[in-house]
Amino acid sequence: RKGLLRYETFAVSSLRNPTLFTWGHTRRGAWGLPTDFPEGPHFAVQFAAWVGAHVIGTASARHHDFLRSIGAHELIDYTTTPFEESVRDADVVLDALGGEVWQRSWKVLKRGGIMVSTLRGPEAGGPDALNKLCAHVFVQPDAAQLGEIAVLIDSGLVRPVVERIFPLAEAAEAHRLLQAGHAEGKIVLHVADA
-6 RKGLLRYETF
4 AVSSLRNPTL
14 FTWGHTRRGA
24 WGLPTDFPEG
34 PHFAVQFAAW
44 VGAHVIGTAS
54 ARHHDFLRSI
64 GAHELIDYTT
74 TPFEESVRDA
84 DVVLDALGGE
94 VWQRSWKVLK
104 RGGIMVSTLR
114 GPEAGGPDAL
124 NKLCAHVFVQ
134 PDAAQLGEIA
144 VLIDSGLVRP
154 VVERIFPLAE
164 AAEAHRLLQA
174 GHAEGKIVLH
184 VADA
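Start counting the sequence shown at -6; every next residue gets the next number (our numbering).
In structure tokens form, the structure reads like this:
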């Protein structure tokens, strides 16, 4: 192939992205994305923008330029404004934090909306659950989807963002950076040269 992916690029492109890519294909409209979580939501934002969704992101102000650069249309500084005060009737919400953020995210979904969660949230029920769907994201790589993602990367329509590459000997430091929750891209451990 013309544009072979480097191992770092492939590593960050092949994890949760096939599932997010599928949801991006099927849902268009407003996305509410609680986005300030470990390793960043950079693929979800780009896939949503690529399919023509209006991307609403939540992150601290220091991450706003980055999120705009990858396709976010509106940004909410979660340190000053609860996103549920600004977002209503979202078609899709991606939650990777769980807990009270999951509950708040559920409330901004429109009837017929979809909550995509990387964590198991509370059971959705009661009158507010009418015509809403919750989908939990599991890693299910698919060769055809990975091929489509590679084409998007090769063409420059989507770009993987690697925050930092650590040698395996520095895995503890990589974990500390991940746990701090402020990385804009993926954190990669380099195990060995091929």
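Backbone N, C-alpha and C define an ideal beta-carbon position, used for all residues, glycine too.
Taking residue i as part of the alpha helix (DSSP H), name the residues at either end of that continuous run.
i: residue 97; result: 92 to 101
i: residue 44; result: Element bounds for residue 44: n/a, residue is neither H nor E.
In terms of residues, what are the limits of the beta strand (DSSP E) holding residue i?
i: residue 159; result: 155 to 160
i: residue 49; result: 47 to 51
i: residue 60; result: That residue, residue 60, is in no beta strand (DSSP E); its alpha helix (DSSP H) goes 57 to 62.
Mind checking who residue i pairs with in its DSSP beta bridge?
i: residue 79; result: According to DSSP, residue 79 bridges with nothing at all.
i: residue 142; result: Residue 142 is not bridged to any residue.
i: residue 183; result: 160
i: residue 67; result: 49
For residue i, which three-state DSSP category applies?
i: residue -3; result: Since pLDDT at residue -3 reaches only 45, below the 50 mark, its modelled position is unreliable, and no value is offered.
i: residue 177; result: coil
i: residue 147; result: helix
i: residue 169; result: helix
Where residue i and residue j are concerned, what is the direct C-alpha to C-alpha distance, given to the nearest angstrom?
i: residue 109; j: residue 157; result: 27 angstroms
i: residue 94; j: residue 45; result: 25 angstroms
i: residue 81; j: residue 169; result: 35 angstroms
i: residue 38; j: residue 66; result: 10 angstroms
i: residue 102; j: residue 151; result: 26 angstroms
i: residue 185; j: residue 164; result: 13 angstroms
i: residue 174; j: residue 56; result: 12 angstroms
i: residue 177; j: residue 105; result: 31 angstroms
i: residue 181; j: residue 155; result: 7 angstroms
i: residue 167; j: residue 107; result: 33 angstroms
i: residue 68; j: residue 43; result: 17 angstroms
i: residue 91; j: residue 52; result: 16 angstroms
i: residue 100; j: residue 85; result: 12 angstroms
i: residue 183; j: residue 162; result: 9 angstroms
i: residue 79; j: residue 34; result: 20 angstroms
i: residue 62; j: residue 125; result: 31 angstroms
i: residue 87; j: residue 160; result: 31 angstroms
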